[in-house]
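*Asks:*
In our numbering, the protein residues as written are 1 to 645.
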C-alpha cells in the first residue's frame, strides 16, 4: 500500500499486532468483512457466532434475546482468543459487542492493542439482510439488538451501504495509522514520547517548523532515540492528523498560555467529531475549561491532563491527573495507565480527577505544595549550614538518614544528592546563584487561595521567598549596608528537633493544599476523591513521600487532615520542635517564612479565641462594617457606636 507523505514524514514498513474487533448488530456483514480482511492481512479470523454455547444458539433460535449472564462466558472465550493472539500477529474477531460492558470484557488488558470497527446501517437494510441469510438468529431479534446497542466512542463507524471491499480497504488503511499523536518535542514531550514507545504504542510526533530555529525537530528526535525508530515525524499539522487512526488521540506538550491557543486554532479545522485532544502542560484550569467549551461545540473531546515527575518521571513513569469529559477519559485511560508510575500498592498513579478543569486544578495545587516543600528544605538547610555550622557534605548525610524515616521524600532525596557534589572550586551548591525561578503555577495557586479566602500560608511564603531571592542585586547591596553580625553556632536545637519540626511543617502544608482542593471541588461540583488523588501522588510525582502514603489512609475517614486523631497526637508531640525550629532559624539570621507560616497557622487555628475581634472592632469603628457577638456567632450583624462625638 502506498502512503503519500510530507517530506519530513518517516514511514515504517511494519504492522503492529492488533486484535481487530468487527462489531455491530446481526446482519451488518461482520463475517463477510472478516473473511475479506483476513485474506488481505493474513490475520486469522474468528467468527464469534461459532463460539456460542449450544444453549445460547437454542435460545436465539427460538427468538429469545440473550441476557448478560448468557453472554458473559461467550465473551470471556473470545477475550481469551484475543489475548493469546497478541503474542503472535494478532487476529480478527467478529462479535456483536453491543454494550460498553461487553467491549470491556473483550478488550480487558489489551485495550491499547484493540482496534474497533463498527459496521452500521439502517434498520431496513439490516432487516432485509437477516431475512435473506441462513442463520440461527431470526430477524425478529433485530429490534432487541438495536435497543441494546450502545454506540462506541472508540470505534471507527463504517456505513454498510458501501461495497464490502471498500470497507476492507478503509480498515486496512486505518490499521496502518498510528494510535497516538504527541505535539511538542521539548524536554517533556520527548520524554513522554519515549515512554509511550517503550510500551509498544504506535506514535506520530509533531513539532512546528521555525526557519533556522526549529527544523525537522520531530524527525531528529526519532533519529536520536532507538525506541522511537518506529514512530512517524511531522512538521505540518494536516499530515500529522491524517496519520492518526480515528478517533484521533492527541496529546499537546507545549508551553501553557498563548502557545496552546495557537496550536488549537491550527489543529481544530483538521479534526473530526469524536476526535480528542489532551493538554498535558501546566495550563490554568480556567483556560482549560474555556478551551473545553470551544471544542465541545465542534464535537471534539478535550481534556486537561496534569502530569508530574519532570523529565525523568515523564520517561520512566509520571503521576497523571486527567480531568474533563469522562467519556473522553475512557478512550485514553489504557494509554495513560500504561505510561504512569506504579505506587507501592501496585496501583497505577493515574486516575480520573473530575470534570471541567479539575485535572489541571489539582496539578496547580500540587505545584503549590511542591513550592512549600522545597522552601522548607531550604530553610532546614539554612539552619544546619549557618546555625549548626554543618558542611554541605555533612548535611547531605543528615538528609540521607532522614530519608529512611518519617520525612522520606523524593525532594529530600535529591536535596541530599545535590549537597554532596563537589567541583574543583569546592561545593557545587556554593557556585549556584541564589536566585530561584518559577513558571507561574505557584502564583496561580496563591491567587486562587486569595479568591477562595483560603489560608495557604506555607505556599505563599515559599512563593514570596522566591521573589525575594530573584532580587539578588538589591539583596547583595542591602546586606553590605546592613552588615549584620555573622551568626554564632547555636546549641539550643538538636537534629532530632529539626527533623520533627520539618515533619510537622510539612503536615500542615499538605493540610492546606488538600483543603484548598476540597473547597474548589465542592464549589465546582468536581467530586474530587482525595484518597485516590493522594494515591496518585505516592509515586512518579515531585511531591511523592512517605507522608503522602500515610495520607491515603487518613482520607478514607477524614476530609481534613488535621481532624485525624492520630495526626493530632503528632501535632501535640512535635509542636515544641516546630516552634524551636522557627526561633533558632530567626536567631541565626535565616529567612524562616515557610516554617513561620506553618507555625502561625497552627497557633491561629489552635487558639480558642483569636485576635480578629480587634480587627472587627477597628473595621466597625472607621467604616461601620458591623460585627457579630461572641455569644451569638450565627446571629445578625450589629454596629456599635464607639464614641460619643
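Just so you know, even glycine gets a beta-carbon here, dropped at the ideal spot from N, CA and C.
1. Using the three-state DSSP reduction, which class does residue 634 fall into: helix, strand or coil?
2. From 143, 588, 168, pick the residue whose C-alpha is nearest to that of residue 383; which is it?
3. To the nearest angstrom, report how far apart residue 637 and residue 381 are at their CA atoms.
4. For residue 103, is the classification buried or exposed, using 16 other Cβ atoms within 10 angstroms of its Cβ as the cut-off for buried?
5. Give the C-beta separation of residue 218 and residue 230 to the nearest angstrom, bearing in mind that I take them to be a contact with Cβ-Cβ under 8 Å.
6. Which of helix, strand or coil does DSSP assign to residue 86?
7. Does DSSP classify residue 66 as helix, strand or coil?
8. Check the C-beta distance from residue 118 over to residue 173 and give it rounded, since I have them as a contact under 8 Å.
9. Measure the C-alpha to C-alpha separation of residue 518 and residue 559 and round it to an integer number of angstroms.
10. So, is residue 610 buried or exposed, given that buried needs 16 or more other C-beta atoms within 10 angstroms?
11. If I measure Cβ to Cβ from residue 331 and keep anything under 8 Å in the same chain, skipping five residues before and after, which residues do I get?
12. Where do the ends of the beta strand (DSSP E) carrying residue 155 lie?
13. Comparing alpha-carbon positions, which option in 431, 602, 397, 344 lies nearest residue 552?
14. Would you report the Cα separation of residue 10 and residue 233, rounded to the nearest angstrom?
15. By the three-class DSSP mapping on this structure, what secondary structure does residue 381 have?
16. Considering just the uninterrupted stretch of the beta strand (DSSP E) at residue 292, what are its terminal residues?
17. Does DSSP classify residue 556 as helix, strand or coil?
18. Can you tell me whether residue 608 is buried or exposed, with buried defined as 16 or more other CB within 10 angstroms of its CB?
19. May I ask you to verify whether the stretch 45 to 62 touches the stretch 167 to 181, counting CB pairs closer than 8 Å and requiring at least 3?
20. Which residue from 283, 280, 252 puts its Cα closest to that of residue 268?
21. State buried or exposed for residue 641, treating a residue as buried only when at least 16 other CB atoms are found within 10 Å of its CB.
22. Could you check where the beta strand (DSSP E) with residue 322 kicks off and where it finishes?
23. According to DSSP, simplified to helix, strand and coil, what is residue 126?
24. Would you tell me roughly how many angstroms separate the C-alpha atoms of residue 317 and residue 399, rounded to the nearest one?
25. For residue 28, which three-state DSSP category applies?
26. Give the straight-line distance between the Cα atoms of residue 341 and residue 187, rounded to the nearest whole angstrom.
27. Any chance you could list the alpha helix (DSSP H) runs of at least 4 consecutive residues sitting entirely within the stretch 425 to 463, in chain order?
28. Kindly identify the DSSP beta-bridge partner or partners of residue 654.
29. Along the chain, where does the alpha helix (DSSP H) containing residue 182 start, and where does it finish?
*Replies:* Inspection of the coordinates gives the following:
1. Residue state, collapsed to three classes: coil.
2. 588
3. Their Cα atoms are separated by approximately 48 Å.
4. buried
5. That belief does not hold up - the Cβ atoms of residue 218 and residue 230 are roughly 14 Å apart, past 8 Å.
6. helix
7. coil
8. With a Cβ gap of about 16 Å, residue 118 and residue 173 do not count as contacting.
9. 8 Å
10. Answer is exposed; the Cβ neighbour count stays below 16.
11. The residues are 153, 154, 247, 249, 276, 301.
12. 155 to 159
13. 344
14. Caution applies to residue 10, whose pLDDT of 42 falls short of 50 and renders its modelled position unreliable; the value that the coordinates give is listed next. Cα-Cα distance, rounded: 6 Å.
15. helix
16. Unbroken run through residue 292 is the alpha helix (DSSP H), 285 to 297; no beta strand (DSSP E).
17. coil
18. exposed
19. Result no; under three Cβ-Cβ pairs closer than 8 Å.
20. 252
21. It counts as exposed.
22. 319 to 324
23. Helix, per DSSP.
24. 25 Å
25. In the three-state reduction of the DSSP assignment, residue 28 falls in the coil class, being assigned neither a helical nor a strand state.
26. Each residue's CA atom was taken as its position, placing residue 341 and residue 187 some 18 Å apart.
27. 441 to 452
28. Absent from the model: residue 654. The displayed extent of the chain is 1 to 645, so no value can be given.
29. Unbroken run through residue 182 is the beta strand (DSSP E), 180 to 183; no alpha helix (DSSP H).
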